[in-house]
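In the working numbering, the protein residues as written are 1260 to 1648. Every residue, glycine too, gets a C-beta built ideally from N, C-alpha and C. Remember, predicted model here, so these are calculated numbers, not experimental data. To start, the structure itself, in structure tokens.
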Amino acid sequence: MRDAVIVEAVRTPIGKGRPNGSLAHVHPVELLAHTLRTLVERSGVDPALIDDVIGGTVDQVGEQAMNTTRYAVLSAGFPESVPATTVDRQCGSSQQAVHFAAQGVISGAYDLVVACGVESMSRVPMWSNVPEGKDPFGPGVAERYPEGLIPQGISAELIAAKWSLSREEMDAFAVESHRKAAAAWEVGLFADEVAPLDGVTRDECVRPGSSTEVLAGLKPAYYDPAFGERFPQIDWNVTAGNASPVNDGASAVLITSSETAARLGLRPLARLHSFAVTGSDPLLMLTGVVPATEKVLRKASLTLDDIDLFEVNEAFSSVVLAWRQETGADLSKVNVHGGAIAIGHPLGASGTRLTTTLVHAMRARGARYALQTMCEAGGLANAMVLEGL
């Protein structure tokens, strides 16, 4: 049976998703094109050999409309014969691209494929694909959930309440994310994964001087008296400090089989071992990482103790801390080079950003198995297990 391996993985630095962000001047197509060019330059592959490019983007509107991945392929200078498509599984869009790409290689449909993602939240803000006054859910969903669905920030508050997570605990987790990311930058652990762009060389949101004292002074980010009345258990402990920021960035991984890698002289970084996707309660929304982790471990015939490293997307501190409570995972193995709270969360790019960071961390630390999982809007989650080579 064929396997699927990652032979190269790169990302841009992650900029603030604001008009004054370090990458706000870069069109999202160009953000992604930069990672695609860097991917083939570093790997040495002929882009004409690439069977497909599968990209993730969440807000597919405006400058991120019309199959952004295809135009990034053309802007990158790839032959016109290289096809591309853009997928949306919300925050897990580019992790889903990895799943699709690897499954295509394993099935024999592809020999060489790119999974990637991009989001420019400075130029295409979150929810800009839903015009004011329009309902993206429809009457059937309204009938099933008559009290109404809720924003992710309220879901993060409900998770904090359900798992009894204190403000202090969530702030401490966020500070540790910044500490780890700053330390990784200082010793050069991101050098092999980051492709500098237009003079931007480092992630813009990492704050080495972050402290629980500073975070304690931040106001609740999602306070709403109407939701407070509906959900009296909420203590309003989620802030901008213990949640991921909005960001600009792109990332890409090159996937092939071991056989093709050997034929082309490519060095595999990790094998894509097992995959899982799951749905969960769309009100709690962000808890799907728990059943997804359980599901992918069953598929891999592994236990939590077999996993050396974890990447759990830090959409909010409460998500990762609730996941830790439910799984019993060792936090010292989680997001060892910092997570999205520090590095950033450019929605459609985050899945392959996590994968890029993870495969390089596996190589640096000699990890045998690693697990990546992401929560996603609407009550969804992806999970996959990687095997070191």
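* Look up Ser1560 in the DSSP assignment and say whether it is helix, strand or coil. => By one-based count along the sequence shown, residue 1560 stands at place 301. Correct three-state label for Ser1560: coil.
* In the segment 1583–1642, which residue ranges form an unbroken alpha helix (DSSP H) of at least 4 residues, counting only runs that do not cross its ends? -> Runs of the alpha helix (DSSP H) inside the segment 1583–1642: 1599–1602 and 1606–1624.
* Taking only the alpha-carbon atoms, compute the straight-line gap between Ala1361 and Ser1533 and give it to the nearest angstrom. => Taking the first residue of the sequence shown as position 1, residue 1361 is located at position 102. Taking the first residue of the sequence shown as position 1, residue 1533 is located at position 274. Going from the Cα of Ala1361 to the Cα of Ser1533 covers about 10 Å.
* Give me the Cβ distance between Leu1298 and Ser1379, rounded to the nearest whole Å; I'm assuming they're in contact under 8 Å. => Reading the sequence shown from its first residue, position 39 is the one you call residue 1298. Reading the sequence shown from its first residue, position 120 is the one you call residue 1379. The pair is not a contact, with the Cβ atoms about 19 Å apart (cut-off 8 Å).
* Asked: Which term fits Ala1401, buried or exposed, when burial requires 16 or more other beta carbons within 10 angstroms of its beta carbon?
  -> Here residue 1401 refers to the residue found at position 142 of the sequence shown. Taking all protein chains shown into account, Ala1401 has fewer than 16 neighbouring C-beta atoms within 10 Å of its C-beta and is therefore exposed.
* Beta-carbon contacts of Pro1527 that lie in its chain and below 6 Å, excluding the five residues immediately before and after -> One-based indexing of the sequence shown puts residue 1527 at position 268. Setting aside the 5 residues that flank it on each side, Pro1527 is surrounded in the same chain by Val1264, Val1266, Ala1520 and Leu1648, each with a C-beta closer than 6 Å to its C-beta; the list follows chain order.
* For Arg1270, the first and last residue of its enclosing beta strand (DSSP E) -> Taking the sequence shown and counting its residues from 1, the one referred to as residue 1270 is at position 11. Element bounds for Arg1270: Val1264 to Arg1270.
* **Residue of Ala1642, Thr1515 and Val1465 minimising C-alpha distance to Ala1368** => Looking up residue 1368 in the sequence shown gives position 109. From the listed residues Ala1642, Thr1515 and Val1465, the smallest Cα separation to Ala1368 is found for Thr1515.
* Excluding the five sequence neighbours on either side, which residues of its own chain have a C-beta within less than 7 Å of the C-beta of Leu1563, listed in chain order? -> Here the question's residue 1563 lines up with position 304 in the sequence shown. Contacts found: Leu1556, Thr1586, Gly1587 and Ala1588.
* From this set, His1293, Ile1365, Val1317 and Arg1301, which residue's C-alpha is nearest Tyr1330's C-alpha? -> Along the sequence shown, read from residue 1 onward, the residue named residue 1330 stands at position 71. The option with the nearest alpha carbon to Tyr1330 is His1293.
* What residue ranges within the segment 1305–1330 form continuous beta strand (DSSP E) runs of no fewer than 3 residues, ordered along the chain? -> Fully enclosed beta strand (DSSP E) runs of 3 or longer: 1311–1315.
* Asked: Roughly how many angstroms separate the alpha carbons of Trp1582 and Ala1356, rounded to a whole number?
  -> Along the sequence shown, read from residue 1 onward, the residue named residue 1582 stands at position 323. Along the sequence shown, read from residue 1 onward, the residue named residue 1356 stands at position 97. Rounded to the nearest angstrom, the two C-alpha atoms are 23 Å apart.
* Asked: With DSSP run on the structure shown, which of helix, strand or coil describes Arg1277?
  -> Here residue 1277 is taken as the residue at index 18 of the sequence shown, counted from 1. Here DSSP, grouped into helix, strand and coil, assigns Arg1277 to coil.
* Leaving out five residues on either side along the sequence, give the residues of the same chain with a beta carbon under 6 Å from the beta carbon of Pro1342. => Indexing the sequence shown from 1 puts residue 1342 at position 83. Hits under 6 Å: Asp1311.
* Kindly indicate which residue of Val1512, Arg1530, Ala1268 and Thr1615 has the alpha-carbon position closest to the one of Glu1518. => As a position in the sequence shown, residue 1518 is number 259, starting the count at 1. Sorting Val1512, Arg1530, Ala1268 and Thr1615 by C-alpha distance to the C-alpha of Glu1518 places Arg1530 at the top.
* Asked: Do Cys1350 and Met1633 have their C-beta atoms closer together than 8 Å?
  -> For the purposes of this step, residue 1350 is identified with residue 91 of the sequence shown, where counting begins at 1. For the purposes of this step, residue 1633 is identified with residue 374 of the sequence shown, where counting begins at 1. A contact, by the Cβ cut-off of 8 Å.
* What does a CB cutoff of less than 8 Å around Ala1551 pick up in its chain, not counting 5 residues either side in sequence? -> Here the question's residue 1551 lines up with position 292 in the sequence shown. For Ala1551, where only same-chain residues beyond five positions count, the Cβ hits under 8 Å are Ala1535, Val1536, Thr1537, Thr1632, Ala1640, Asn1641 and Ala1642.
* **Residue from Val1465, Glu1300, Gly1637 and Val1304 with nearest C-alpha to Val1449** => Here residue 1449 corresponds to residue number 190 of the sequence shown, with the count starting at 1. Here residue 1449 turns out to be Phe, not Val, going by the sequence shown. Answer by Cα proximity: Val1465.
* Go to Phe1359, then tell me how far its alpha helix (DSSP H) extends in each direction, as first and last residue. => Along the sequence shown, one-based indexing puts residue 1359 at 100. Phe1359 -> alpha helix (DSSP H) spans Ser1352 to Ser1366.
* Cβ pair Gly1274, Glu1445 closer than 8 Å -> Here residue 1274 corresponds to residue number 15 of the sequence shown, with the count starting at 1. Here residue 1445 corresponds to residue number 186 of the sequence shown, with the count starting at 1. Against a cut-off of 8 Å, the Cβ pair of Glu1445 and Gly1274 comes out as no contact.
* Whole-angstrom distance between Leu1474 and Tyr1481, CA atom to CA atom -> Reading the sequence shown from its first residue, position 222 is the one you call residue 1481. Reading the sequence shown from its first residue, position 215 is the one you call residue 1474. Counting only the Cα atoms, Leu1474 lies some 15 Å from Tyr1481.
* Within 10 angstroms of its Cβ, does Thr1328 collect 16 or more other Cβ (buried), or is it exposed? -> Taking the sequence shown and counting its residues from 1, one reaches residue 1328 at position 69. By the 10 Å Cβ count, Thr1328 comes out buried.
* **Reduced DSSP secondary structure (H/G/I, E/B, other) of Arg1348** => If you number the sequence shown from 1, residue 1348 lands on position 89. Three-state DSSP puts Arg1348 in a strand.
* To do: Quick one: grab the DSSP three-state call for Thr1546.
  => On the sequence shown, residue 1546 is found 287 positions in, with the first residue counted as 1. DSSP places Thr1546 outside both helix and strand once states are collapsed to three, so it counts as coil.
* Secondary structure of Leu1417, DSSP reduced to three states -> Position 158 of the sequence shown holds residue 1417. Leu1417: helix per DSSP, three-state reduction.
* **For Asn1506, the three-state DSSP class (helix, strand or coil)** => Reading the sequence shown from its first residue, position 247 is the one you call residue 1506. Here Asn1506 sits in strand by DSSP.
* Asked: Thinking just about the alpha-carbon of each residue, which of Gln1584, Val1288 and Gly1500 is nearest to the one in Val1383?
  -> In the sequence shown, counting from the first residue as 1, residue 1383 sits at position 124. Here the closest residue by C-alpha is Val1288.
* Mind checking which residues open and close the beta strand (DSSP E) that includes Gly1538? => Working through the sequence shown from its first residue, we reach residue 1538 at position 279. Ala1529 to Gly1538 is the extent of the beta strand (DSSP E) around Gly1538.
* Asked: Comparing alpha-carbon positions, which option in Gly1314, Ala1443, Pro1605 and Arg1522 lies nearest Asn1594?
  -> Working through the sequence shown from its first residue, we reach residue 1594 at position 335. Cα-wise, what sits closest to Asn1594 is Ala1443.
* When you compare only the Cα positions, how much space is there between Ala1599 and Asn1279? -> Within the sequence shown, numbered from 1, the residue matching residue 1599 stands at position 340. Within the sequence shown, numbered from 1, the residue matching residue 1279 stands at position 20. Those two C-alpha atoms are separated by around 20 Å.
* To do: Would you decide whether Gln1411 is buried or exposed? Buried here means 16 or more other CB atoms lie within 10 Å of its CB.
  => As a position in the sequence shown, residue 1411 is number 152, starting the count at 1. With a threshold of 16 other beta carbon atoms within 10 Å, Gln1411 meets it and is buried.
* Through-space distance from Phe1359 to Met1260, alpha-carbon basis -> On the sequence shown, residue 1260 is found 1 positions in, with the first residue counted as 1. On the sequence shown, residue 1359 is found 100 positions in, with the first residue counted as 1. Roughly 17 Å separates the two Cα atoms.
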